[in-house]
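Novice: Shown below is the structure under consideration.
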Amino acid sequence: MLSDHIEQIARLLRKNANHHNGRLQLTDKTTDILLSNLQFLSDDLRRYEDAELCADVESPAIAAIMRELGSVTANFDAPEDCDTEPNSNSADPLSNKSTQEISNGKPETTD
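Following my numbering, the numbering of the sequence shown begins with 1370 at its first residue and continues without gaps.
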């Protein structure tokens, strides 16, 4: 299901941010892949919404995002479980006190 894939992407992004003291740090390549495929996903979802179908939308964009995020987080030895929300009282399930936005709006790279 699409919701399961999006949940996995969120876990991988959270793992990346947790590994970098609450900051999401992506290479230029990873940022481009993530943002490009999110746009493709948006296009796929728009077609689904326009058709008003009740079928699962299979998008290669999801696989591409998960593959790239998986490769950049594969070597992290995070002691915490990425499935655990640090702040369970938050209204937004993807936000927590350890996750911060990048202040200048540009991704930081580890190159």
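Beta carbons: idealized from backbone N, C-alpha and C, even for Gly.
Compute the Euclidean distance between the alpha carbons of Ala1420 and Leu1404, then round it to the nearest angstrom.
Specialist: Ala1420 and Leu1404: Cα-Cα distance of roughly 25 angstroms.
Novice: Quick one: using the 10 Å Cβ neighbour count with 16 as the cut-off for buried, is Met1415 buried or exposed?
Specialist: The sequence as given places Arg at residue 1415; Met does not occur at that position. So Arg1415 ends up on the exposed side.
Novice: Could you please give the first and the last residue of the uninterrupted alpha helix (DSSP H) stretch that includes Phe1409?
Specialist: Note, Phe1409: alpha helix (DSSP H), Asp1397 to Ala1420.
Novice: Which partner residues of Arg1436 appear in the DSSP bridge assignment?
Specialist: Answer is none; Arg1436 lacks a bridge partner.
Novice: Could you check which residue in Leu1395, Pro1429 and Phe1409 has the C-alpha nearest to that of Ser1440?
Specialist: Checked all of Leu1395, Pro1429 and Phe1409; the closest Cα to Ser1440 is Leu1395.
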